[in-house]
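S.K.: First residue of the sequence shown: 458, per the working numbering; consecutive thereafter.
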Amino acid sequence: TQTKTRWSRKGKWLSKKGSSILCEGNRQVIYKFIDQHKNHFGLRWLLKRCGVYANGYYNYLRNTKREYHQTKQAIKNKIKDSKVIVACSTGVDSCVLLDLCIKALDKSQIIIAHVNHGVRKESEIEESYIKSFAEKNNLTCVIEHLENLNSSNFEMIARTKRYNFFLNLAEKYQAKYIL
């Protein structure tokens, strides 16, 4: 068990074991940890505690931004003026992809496609989130409801219907890419 040994500047207990393990790890993991927790603990305190030089941390941030801009530029270069269907489930991966597309492309190029399987309680909440997000960001959003999929082979049937939905949307909107 980890014992609480120190009080942080923000009034929370710190674990001596956990902090020393983090500081012995991979530099990228440490930089990410610092970036995520700098507002809570303070940047200087974290840099000192983890034995990281400020210029190393700032170089990490600069490289991360450079990679982000390179990815954004690669998307622009690949897609150019074409339309793109972005399949969004409200999961982290699809939301990050959608965000990157919004930042890289003109909004008129993006069509959000969401499939509501109607199986989970959260399905309606996710659908309303996607609708409001699209409306707020002035994006085209098309939602498909899959009904009566109470089959023993639910995954295969749902996958086939999803893919058909995406292909039909691509044809309707003359989109060159489905992401």
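Virtual Cβ for every residue (Gly too), placed ideally from N, Cα, C.
Tell whether a beta-carbon distance below 9 Å holds between Leu554 and Val572.
M.R.: For this step, residue 554 is matched to residue 97 along the sequence shown. For this step, residue 572 is matched to residue 115 along the sequence shown. Taking 9 Å as the Cβ cut-off, Leu554 and Val572 do not qualify as a contacting pair.
S.K.: For Tyr510, does the three-state DSSP call read helix, strand or coil?
M.R.: Taking the first residue of the sequence shown as 1, we reach residue 510 at position 53. Coil.
S.K.: Determine the DSSP secondary structure at His456, reduced to helix, strand or coil.
M.R.: Coverage of the chain is limited to positions 458 through 636, which leaves residue 456 absent and any answer about it impossible.
S.K.: Using alpha carbons as the reference points, say which of Asn516, Gln566, Ala570 and Lys489 lies closest to Cys552.
M.R.: Position 95 of the sequence shown, counted from the first residue, corresponds to residue 552. Of the candidates Asn516, Gln566, Ala570 and Lys489, the one whose C-alpha sits nearest the C-alpha of Cys552 is Ala570.
S.K.: Which word fits Ala632, buried or exposed, when buried means at least 16 other C-beta atoms lie within 10 angstroms of its C-beta?
M.R.: Residue mapping note: residue 632 aligns to position 175 of the sequence shown, counting from 1. Buried, since its Cβ has 16 or more Cβ neighbours within 10 Å.
S.K.: May I ask you to report which of helix, strand or coil DSSP gives Thr597?
M.R.: Here residue 597 refers to the residue found at position 140 of the sequence shown. Strand.
S.K.: Excluding the 5 residues preceding and the 5 following Ser546 in the sequence, name in chain order all residues of the same chain whose CB lies nearer than 8 Å to its CB.
M.R.: Position 89 of the sequence shown, counting from 1, holds the residue named residue 546. Result list for Ser546: His571, Val572 and Glu583, in chain order.
S.K.: Which residues share a DSSP beta bridge with Asn573?
M.R.: What you label residue 573 is simply residue 116 of the sequence shown in a count that begins at 1. Asn573 is bridged to His602.
S.K.: From the DSSP output, read off the bridge partner residues of Tyr645.
M.R.: With the chain covering 458 to 636 only, the question about residue 645 has no answer from this structure.
S.K.: Provide the residue span of the alpha helix (DSSP H) that contains Gln493, from first to last.
M.R.: In the sequence shown, residue 493 corresponds to position 36, counting from 1. Its alpha helix (DSSP H) spans residues Arg484 to Phe498.
S.K.: Tell me whether the beta-carbon of Tyr510 lies closer than 9 Å to the beta-carbon of Leu518.
M.R.: What you label residue 510 is simply residue 53 of the sequence shown in a count that begins at 1. What you label residue 518 is simply residue 61 of the sequence shown in a count that begins at 1. Contact flag unset, no.
S.K.: Distance, Cα to Cα, Ile614 vs Phe623?
M.R.: Stepping through the sequence shown from its first residue, residue 614 is reached at position 157. Stepping through the sequence shown from its first residue, residue 623 is reached at position 166. Approximately 14 Å, taken between the alpha carbons.
S.K.: Who does Ile568 pair with in a DSSP beta bridge?
M.R.: Residue mapping note: residue 568 aligns to position 111 of the sequence shown, counting from 1. DSSP output for Ile568 lists Ile542 and Thr597 as bridge partner(s).
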